[in-house]
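Please read the structure below before turning to the comments.
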Amino acid sequence: MLVLIGAMLVTVFIKAWPSFAHNGLSWFGPGGDVDTQLRAMQEVKALPGHSIYYFRAWPLIWGTLLTTVLAVLLALVVSTLAAIFLTEFAPPALRRTLDPVIRLLAAVPSVIYGLIGILVIAPYINNHLISNARKASVGYVVQLNGADVMTATLILTVMILPIMTAISAGAFAAVPAAWREGSLALGVNRWRTIWRVSLHAARPAIAAATVLATARALGEAVMLAMVAGGRGFAPNLLDGVTALFEPVRPLAATIFQNSEGLTIAPLGHTIYAIGAVLLVSAAMLSFGGWAAKQRFKRYGVRT
Amino acid sequence: MTPTAELAPGASRQTPAPPPGTAIARAPRERTGSWPLVDRIAYALCWTVGIGLCLIALGIVLFMLVKGVAYLHPKLFVESPAPSPKESQSGGFLDPIIGTLIVAGVGIAIAAPIGVALGTWLAEYGRPSWLARAVESAIEIIAGAPSVVLALFGLVIFAQGYLGFLSQTAAGGGVYGRSFFAAGAVMAVLALPLIVASTREALTRLPDRLREASFALGRTPATTVRRVLLPAIRPDIATGTVLGLGRIIGDTAIINILLGTYLTLEKVGNVPVIGTLRGTGSTLTSYIYSNSPAGEGNAPHKAYAAAFVLLVIVLILNGIVTWLTNRGGRPEGGGLSRAFRLIQYTSRLNWR
Amino acid sequence: MDPMMPPPVRRIAVDRDPYIAPPRPLGNGVAPAAAVTTRLRPTKTASALVRERMSIESVWLAYGDNWVVRDVSLPVRQGEVLAMIGASGSGKTTLLRSLNRLTEITAGAARTGSITLDGQDIHELEVNDLRRRVTMVFQQPNPFPMSIFDNVAYALAERPGRGGRRRRRGSEIESAVTDALHRAGLYDEVAGDLERSALRLSGGQQQRLCIARALAAEPEVLLLDEPCSALDPISTATIEELIVELRESVAIVIVTHNLQQAFRVADHVAFMHLGELVEYGTSEQVFDRPTMERTRDYISGAFG
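Protein chains in written order, with the working numbering: chain A, 5 to 307; chain B, -1 to 350; chain C, 163 to 466.
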């Protein structure tokens, strides 16, 4: 079985190689519209002046970074608060309800999140949060229609919340009672006790949870394909808040949406190249998570 | 207030009677009114988040319930999808349901035996140790890989020439690579880490005296595993399997890549079962995707109906898992329910 | 005294001699062997300096329906050490914890009677305020997973500073930390590196760190719940010496299982049994001339 996995890894990289070979490191850089490039490959008609493999993935990478980083940050804050609520402040009845609630949120398939996103949240944002003036301000470049970074980030946050909350809550519950009692006995109120002692002790677990959540967010393809806008557009931060309303198409979603083209030569190689990038990122995240845990062991804090 | 020593030496004291109930004060919760403002804001935020989560979950369930009841029609369960721009004529989702069952069946049929075997090997034998560690790392990698990437792997494998018997081979010799076999196999890989993990944990938690008793009766390790240990952890194996099943049923990316996007079942060849397995089709998940505004069709009502059915299936599976874990009756730690700790270890394996 | 009952402490009871401090332990906490065996009873603080800080009046405490402390009344005075002795389950720890309202963190705790601090009912004070004025050291040392400095400074950040609401980590905090470490007798041993993790200290040092932490907030009353039960004799000796030194500035209440320890450090002793206060008096009275039979039985080791 190990041989199988090794063989798979090697094969994917072999299939991905032509794309990298033809583009070099600027594969990762900006340069032209990704959608045009992909379409060109699909029709096997090279763009003028470039080889058939011409591909600049930066808009996709930028889209992935934006949604993932924003979602993970938001989820970090919210899940820490939720975990603290669950272990400290919630009355027993509410605590018993929150268990199945979090399990339910974790169990909902991503298509359903995507469906709700595109049929409910995106139109809502389109109609209520994006003013016509905003649409006009970027209308010459891209159409805003509610399927954008903000929607994608919000739903992605809800999707990765359960994992992070569960792990964080476990860590908070495992903080030795002696520390809590000692802190309370010194006259420090409950919130500060949590903030300064429990949080400190739970840091390794929260770091591990963040890494897991990032890996999950990176790999989310379906929901983002439905909700993030489907256009390989790189939101321009100079647009200010409007940048949040611009469509993106993260890496995994790109693979998902172009899956029919996997057998056509240049498109296939490009998609495999994207897949290879995803795989390498996931591996680096795992390693990063392990390294973060090692660092926290220094303080004698339980991991 | 008189210290008792002032009583006459040697005098006995009556045991005093407890005070009347009216004088008793129960311990109050620490009032937050006296906290500094920052702390009070934080406390309010915690409550907001807690209630908010409940509301979100409630919202999702209620919304799908309303939409599903509005658009669900028994007819949908028995009709096959038919291409049509008009929603009322585009048929139901019989094929997707069959497709879901087939994929889930194939996936679990492959994953369960292999998963239990691997889990048992890791927990009971685990030698040579470098191999055991390598296998563990491999399982972690699989668990952490996004399903799109696994699907890509799968396509690479199943598009090889010599595996053409598992799917179609086009006229020019190019293997199509997409079929229920392929999808089922990759789904099995998806479910594998969950089954392996639950088997391993369950076996490690079994007390050693079970094994010792069996060995003392002269049984070999293999028989012990078969006759004693595995039956003892049947609920946990079931839990892992159902969790894997839930993951399989909820996945769309693999279906999209390895099963194509045709909504109806297409057989390949004429052999009854194998033909279907070699063919393509769809599942509820890809059906929902196709019918949503993001897919080709634009039949949101059908999408809602199918989504409702899917959600109900997933919730039932989750309910089964909860029932199975609570039946175990093992002591919990840290004041969190067992179901909750289940999320922790499945999330370590990246749910989807 | 009944000649048939050997009082266990008579051999070392020499309360007419002045207090002689044993040599201070050297760098790594190893004291010369002589220090342990020549503990002498400390002289009393001059009576003018003794003043009552807390007053416990007819207090009943229960967990659920189970009355753990029944109708206890005691004074707590600054300038002297009050030791509460008794067998397990006598309610002494519960009574101690009620002095800083720590019983409230357990659900279902009930109380009646009044406890006052400087005349004010403690249940009317803000609870965290109270706990800064009446601090506690626990049986198991529980330093936080932070550096030594941060541990001692922990409670300091919460106090409304003298010159403003939030103290920055400036000389004010540093001097308070050094003071506390000096008072706890730990400074010499850790002065080299205050940023070390507190979890690396030995058991006795950790307990002294907890005492320093409790002292940093300059409390009025210090509660000690069997502070030496988890420590070796040398650390115990150091801490007992500490307790005796501190009594002039802080009122001290110590709960202990160890009768010899109570004899060594206490000025007043309260003997509790099954929730009731059986006997209260000066340590000479209780150990040498107990008035109640139960006290005699406990001190002679007939039970407990």
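Even for Gly, the Cβ is constructed at its ideal location relative to N, Cα and C.
As the structure is a computational prediction, the values presented were derived from the model and not from experiment.
DSSP on Phe425 of chain C, reduced to helix/strand/coil? DSSP places Phe425 of chain C in helix when its eight states are reduced to three.
Excluding sequence positions up to five away, which residues of its chain have a Cβ less than 8 Å from the Cβ of Val221 of chain C? Only Val231, Asp233, Val234, Ser235, Leu257, Ser260, Arg273, Thr274, Gly275, Ser276 and Ile277 meet the Cβ criterion.
Own chain partners of Ala181 of chain B with C-beta closer than 7 Å, once the 5 adjacent residues on each side are dropped: Non-local C-beta neighbours of Ala181 of chain B in its own chain, meaning closer than 7 Å and more than five positions away in sequence, comprise Val101, Ile252, Ile253, Leu256 and Leu257, ordered along the chain.
Is the CB of Pro298 of chain B under 8 Å away from at least one CB in chain A? Yes, contact with chain A.
To the nearest angstrom, report how far apart Pro298 of chain B and Pro291 of chain B are at their CA atoms. Just so you know, the alpha carbons of Pro298 of chain B and Pro291 of chain B end up roughly 7 Å apart.
Going by alpha carbons, who is nearest to Gly97 of chain B out of B:Thr278, B:Asp249, B:Ile137 and B:Leu208? Comparing Cα-Cα distances from Gly97 of chain B to each of B:Thr278, B:Asp249, B:Ile137 and B:Leu208, the minimum goes to B:Thr278.
Neighbourhood of Ala315 of chain C by C-beta distance below 8 Å, restricted to the same chain and skipping five residues each side: Correct list, in chain order: Arg331, Ile335, Ala338, Val339 and Ala378.
When the Cα of Gln261 of chain A is compared with those of A:Val14, A:Phe249 and A:Gly279, which residue comes out closest? A check of alpha carbon separations from Gln261 of chain A across A:Val14, A:Phe249 and A:Gly279 identifies A:Gly279 as the nearest.
I think Phe425 of chain C touches Ser445 of chain C, with their Cβ atoms under 8 Å apart; what is that distance to the nearest whole Å? Indeed, because the Cβ distance is near 6 Å, the residues count as touching under 8 Å.
If you measure beta-carbon to beta-carbon, which residues of the region 172 to 196 of chain A are closer than 8 Å to chain C? Listed by position along the chain: Pro180, Ala182, Trp183, Glu185, Gly186, Ser187, Leu188, Ala189, Leu190, Gly191, Val192, Asn193 and Arg196.
Got a sec: is the Cβ-Cβ distance from Asp233 of chain C to anything in chain A below 8 Å? No - not a single Cβ of chain A is within 8 Å of the one on Asp233 of chain C.
With a cut-off of 8 Å, do at least 3 Cβ pairs link the region 114 to 124 of chain A to the region 222 to 241 of chain A? Segments in contact, yes.
Delimiting residues of the alpha helix (DSSP H) encompassing Val112 of chain A: DSSP places Val112 of chain A outside any alpha helix (DSSP H), giving it a letter other than H or E.
Please state whether the Cβ-Cβ distance between Leu227 of chain B and Leu204 of chain B is less than 8 Å. Less than 8 Å divides the Cβ of Leu227 of chain B from the Cβ of Leu204 of chain B.
Going along chain A, which residues have a C-beta under 7 Å from Leu215 of chain B? Within chain A, no residue comes near Leu215 of chain B; the closest Cβ sits about 34 Å away, beyond 7 Å.
In the DSSP assignment, find the beta strand (DSSP E) that holds Pro237 of chain C and state where it starts and stops. Boundaries of the beta strand (DSSP E) around Pro237 of chain C: Asn228 to Gln240.
DSSP three-state call for Thr281 of chain B: helix, strand or coil? Thr281 of chain B falls in the coil class under three-state DSSP.
My understanding is that Asp387 of chain C touches Thr297 of chain C, with C-beta atoms under 8 Å, so please give their C-beta distance in whole angstroms. Actually they are not in contact, since the Cβ atoms of Asp387 of chain C and Thr297 of chain C sit about 12 Å apart, beyond 8 Å.
Nearest CA to the CA of Leu102 of chain A: which residue from A:Val112, A:Leu188 and A:Leu90? Nearest C-alpha to Leu102 of chain A among A:Val112, A:Leu188 and A:Leu90: A:Leu90.
Starting from Thr222 of chain B, follow the beta strand (DSSP E) in both directions and report where the run begins and ends. The continuous stretches of beta strand (DSSP E) do not include Thr222 of chain B, and DSSP gives it neither H nor E.
Met246 of chain C to Leu85 of chain A span [Cα, whole Å]: Whole-angstrom Cα-Cα distance: 42 Å.
Examine the Cβ distances between the region 109 to 118 of chain B and the region 187 to 204 of chain B and report whether three or more of them are shorter than 8 Å. Counting C-beta pairs closer than 8 Å gives three or more between the region 109 to 118 of chain B and the region 187 to 204 of chain B, which meets the contact rule.
How about the region 398 to 409 of chain C and the region 344 to 355 of chain C: do they share at least three Cβ pairs that are nearer than 8 Å? The region 398 to 409 of chain C is in contact with the region 344 to 355 of chain C.
From Thr274 of chain A to Thr155 of chain A, what does the alpha carbon distance come to, in whole angstroms? Roughly 27 Å between the two C-alpha positions.
Looking only at DSSP bridge pairs, what is Ile416 of chain C linked to? Here Ile416 of chain C is bridged, per DSSP, to C:Ala245 and C:Leu386.
Which whole runs of the alpha helix (DSSP H) in the region 27 to 87 of chain B are 4 residues long or more, in chain order? Listed in chain order, they are 35 to 69.
Please report the distance separating the alpha-carbon of Ala360 of chain C from that of Ser187 of chain A. Straight-line Cα distance between these residues: approximately 15 Å.
Could you check whether the Cβ of Pro113 of chain A sits closer than 8 Å to any Cβ belonging to chain B? For Pro113 of chain A, the nearest beta carbon of chain B is closer than 8 Å to its own beta carbon.
For Arg312 of chain C, count neighbouring C-beta atoms within 10 Å of its own C-beta (all shown protein chains included) and say buried if the count is 16 or more, exposed if not. Per the sequence presented here, residue 312 of chain C reads as Asp, with Arg not at that position. Using a 10 angstroms sphere on the CB of Asp312 of chain C, the tally of other CB atoms reaches 16 or more, which defines it as buried.
Counting Cβ pairs closer than 8 Å, one from the region 313 to 321 of chain B and one from the region 128 to 136 of chain A, do we hit at least three? The region 313 to 321 of chain B, when compared against the region 128 to 136 of chain A, does not touch it at the 8 Å Cβ threshold.
Ala477 of chain C - containing alpha helix (DSSP H), residue span: The question about residue 477 of chain C has no answer here: the residues shown for chain C are numbered 163 through 466.
Taking CB distances under 8 Å as the criterion, tell me whether Ala205 of chain A reaches chain C. Cβ-Cβ to chain C under 8 Å: yes for Ala205 of chain A.
Under 8 Å, Cβ to Cβ, is there at least one residue of chain A near Pro329 of chain B? Low local confidence applies: a pLDDT of 44 at Pro329 of chain B is under 50, so the model's placement there is unreliable, and no value is given.
Just checking, does the region 58 to 75 of chain A make contact with the region 244 to 254 of chain A on the three C-beta pairs under 8 Å criterion? As far as the Cβ criterion goes, the region 58 to 75 of chain A touches the region 244 to 254 of chain A, which means the pair count is three or higher.
Quick one: what does DSSP say Met298 of chain C is sitting in, helix, strand or coil? Shown here, Met298 of chain C sits in a strand according to DSSP, grouped into three states.
Cβ closer than 8 Å: which chain A residues qualify as neighbours of Tyr316 of chain C? Under the 8 Å cutoff, chain A gives Ser187, Leu190, Val192 and Arg200.
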